[in-house]
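Visitor: In case it helps, UniProt numbering puts the sequence shown at residues 1 to 322.
For each residue, glycine too, the CB sits at the ideal point set by N, CA and C.
In this text, all values refer to a predicted model and were calculated from it rather than measured experimentally.
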Amino acid sequence: MSSEQDLTKPTIADLPNEILEEIFSYLEFEERLTASQVCLRWHGTALRWSEIRLGVYSPDDPDLETILASERPYRHLQLNGDQFAAQLVTKFGASLRSLSITNVETWSWLGSLGGLPELQSLYIKTSYRYDSLTDAPLGQPCPTLRWLTIEEIGSDVFPALNRFISATFPALECLRVEYYSGVFRLSNLPELAELVMIGYNEIDDGLLADIKFLPNLRTIVLAGRRLECSYPDHVLRSDHIRTVQIGTDDPLFDDELLQLTAVFPAMTSFNCTRWSLCTVAGIDAARRRLPNCTFDVEPTEDSMELGSGSDGEDSSSETESS
Numbered sequence: 001m002s003s004e005q006d007l008t009k010p011t012i013a014d015l016p017n018e019i020l021e022e023i024f025s026y027l028e029f030e031e032r033l034t035a036s037q038v039c040l041r042w043h044g045t046a047l048r049w050s051e052i053r054l055g056v057y058s059p060d061d062p063d064l065e066t067i068l069a070s071e072r073p074y075r076h077l078q079l080n081g082d083q084f085a086a087q088l089v090t091k092f093g094a095s096l097r098s099l100s101i102t103n104v105e106t107w108s109w110l111g112s113l114g115g116l117p118e119l120q121s122l123y124i125k126t127s128y129r130y131d132s133l134t135d136a137p138l139g140q141p142c143p144t145l146r147w148l149t150i151e152e153i154g155s156d157v158f159p160a161l162n163r164f165i166s167a168t169f170p171a172l173e174c175l176r177v178e179y180y181s182g183v184f185r186l187s188n189l190p191e192l193a194e195l196v197m198i199g200y201n202e203i204d205d206g207l208l209a210d211i212k213f214l215p216n217l218r219t220i221v222l223a224g225r226r227l228e229c230s231y232p233d234h235v236l237r238s239d240h241i242r243t244v245q246i247g248t249d250d251p252l253f254d255d256e257l258l259q260l261t262a263v264f265p266a267m268t269s270f271n272c273t274r275w276s277l278c279t280v281a282g283i284d285a286a287r288r289r290l291p292n293c294t295f296d297v298e299p300t301e302d303s304m305e306l307g308s309g310s311d312g313e314d315s316s317s318e319t320e321s322s
């Protein structure tokens with residue numbers, strides 16, 4: 001009689017997936033990995049695929065053959081080198097949500113990114129000896145990608161990359177280009193909301209002119225050797241920018257700060273992250289031009305002493321009129 005009752009008692013195999021996931025959440029990763037191999041049902045509940053990052057750090061990785069044969073739905077892929085990038089991206093493309101590739105030397109694998117249904121984030125860091133690029137391979141759009149970071153790139157390959165990005169990632173919202181060299185131009189990124197450009201050269205006024213034609217852009221972070229604004233203010237004027245962060249090796253002066261208020265008249269936040277030679281009077285003049293904007297700019301010590309004196313108001317008026 002007792003054996004019949006035992007047969008009717010629920011076991012762990014009878015529990016719904018929600019309870020199984022709760023139970024497995026208390027296990028260490030190695031234990032969950034073991035549990036995932038018990039049966040097909042546990043394969044999908046024991047592992048938190050959203051937290052697992054598959055790393056391949058060498059083309060001689062002894063596990064590479066096993067990885068290429070795996071049926072697990074890896075969502076995050078991290079590669080050191082691009083030798084097997086196309087194979088791995090194609091292999092896990094249906095579930096892939098983030099991809100990180102360092103030491104990139106060639107660009108043929110870019111074509112494997114087209115049409116991926118889940119990819120949201122892409123990070124690319126080049127090798128110092130990367131190949132030139134004149135025409136990136138174009139494929140089906142990847143409509144889910146929102147965040148793209150490109151590191152240590154030169155302006156010699158960026159025009160082709162810009163064409164690839166605009167065609168392949170039409171919904172891109174955040175673009176970070178870090179430690180770049182040369183002069184960069186941007187176009188055809190209609191959904192871009194945040195732009196971060198950190199480079200070794202000047203912040204080119206051609207780039208500032210391009211910002212005018214990125215209609216959804218609201219936040220810009222620009223860093224470089226110095227700020228170049230030789231174009232007339234009305235040519236550079238962008239009425240849609242709200243947050244501006246500028247950092248240059250050369251100091252920021254009053255006239256440049258005031259020019260930025262004319263170029264970005266809808267600013268609500270401005271931050272100078274490096275060297276400032278702006279005066280108290282100049283900063284006050286900028287505040288009067290844009291009263292709804294918060295200016296995070298460190299004034300020079302001499303101007304702080306002058307601003308606290310009796311002639312501070314006159315100095316402020318002179319700066320504004322200039």
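Might you give, ordered along the chain, the residues of its own chain that have their beta carbon closer than 6 Å to the beta carbon of R53, omitting 5 neighbours on each side?
Guide: Same-chain partners within the cutoff: H76, Q78.
Visitor: Locate the alpha helix (DSSP H) running through L133, then write down its first and last residues.
Guide: Careful: L133 lies outside any alpha helix (DSSP H) and carries neither H nor E.
Visitor: Just to confirm, is the Cβ distance from T126 to C142 under 8 Å?
Guide: Not in contact: T126 and C142 (Cβ atoms no closer than 8 Å).
Visitor: Thinking C-beta only, is P215 closer than 8 Å to P190?
Guide: Yes, the pair counts as a contact, with Cβ atoms nearer than the cut-off.
Visitor: From which residue to which residue does the beta strand (DSSP E) around G199 run?
Guide: G199 -> beta strand (DSSP E) spans 194 to 199.
Visitor: What is the rounded straight-line gap between the Cα of N292 and the Cα of E256?
Guide: For N292 and E256, the distance between alpha carbons rounds to 19 Å.
Visitor: Under 8 Å between the Cβ atoms of D296 and C272?
Guide: A contact, by the Cβ cut-off of 8 Å.
Visitor: According to DSSP, what are the bridge partners of Q78?
Guide: Answer by DSSP bridge pairing, in chain order: G55, S100.
Visitor: Helix, strand or coil, according to DSSP, for Q87 in the structure here?
Guide: If DSSP states are grouped into helix, strand and coil, Q87 belongs with the helices.
Visitor: Do P176 and E202 have their C-beta atoms within less than 8 Å of each other?
Guide: Note on identity: in this sequence residue 176 is Arg, with Pro being the wrong assignment. No. Outside cutoff.
Visitor: Throw me the rounded Cβ distance for the T144 and Q120 pair, which I believe falls under 8 Å.
Guide: So it is a contact: roughly 6 Å between Cβ atoms.
Visitor: Pop quiz: residue 323 and G282 are said to be a contact at Cβ under 8 Å. What is the actual Cβ separation, rounded to whole angstroms?
Guide: Given that the chain is displayed from residue 1 to residue 322, the structure contains no residue 323 and the question cannot be resolved.
Visitor: Quick one, are the C-beta atoms of A209 and L236 less than 8 Å apart?
Guide: Yes, the pair counts as a contact, with Cβ atoms nearer than the cut-off.
Visitor: Under three-state DSSP, which class holds F158?
Guide: Helix, per DSSP.
Visitor: What's the gap between the Cα of P137 and the Cα of F92?
Guide: Each residue's alpha carbon lies about 20 Å from the other.
Visitor: With DSSP as the reference, label F275 as helix, strand or coil.
Guide: Position check: residue 275 holds Trp in this sequence, whereas Phe was assumed. It is coil, neither helix nor strand.
Visitor: What are the boundary residues of the alpha helix (DSSP H) that R176 is part of?
Guide: Taken as a continuous stretch (DSSP letters only), R176 belongs to no alpha helix (DSSP H), being part of the beta strand (DSSP E) at 174 to 180.
Visitor: T268 to L290, Cα distance in whole Å?
Guide: Rounded to whole angstroms, T268 to L290 spans 8 Å at the Cα level.
Visitor: In angstroms, rounded to a whole number, what distance separates the CA positions of G154 and Y179?
Guide: For G154 and Y179, the distance between alpha carbons rounds to 9 Å.
Visitor: Using a Cβ-Cβ cut-off of 6 Å (strictly less than) and excluding sequence neighbours within five positions of L133, which residues of its own chain qualify?
Guide: So the qualifying residues of the chain are W107, V157, A160.
Visitor: Output the distance between the C-alpha atoms of P251 and R274, rounded to the nearest integer angstrom.
Guide: Roughly 8 Å between the two C-alpha positions.
Visitor: For a quick check, are the C-beta atoms of Y231 and D254 less than 8 Å apart?
Guide: Not closer than 8 Å, so no.
Visitor: Could you compute how far the alpha carbon of A286 sits from the alpha carbon of D233?
Guide: If you take the alpha carbons of A286 and D233, they lie about 15 Å apart.
Visitor: How is K212 classed by DSSP in three states: helix, strand or coil?
Guide: Looking at K212 - three-state DSSP - the assignment turns out to be coil, as it is neither helix nor strand.
Visitor: Over the uninterrupted beta strand (DSSP E) stretch that includes V244, give me the two end residues.
Guide: Here the beta strand (DSSP E) through V244 covers 243 to 248.
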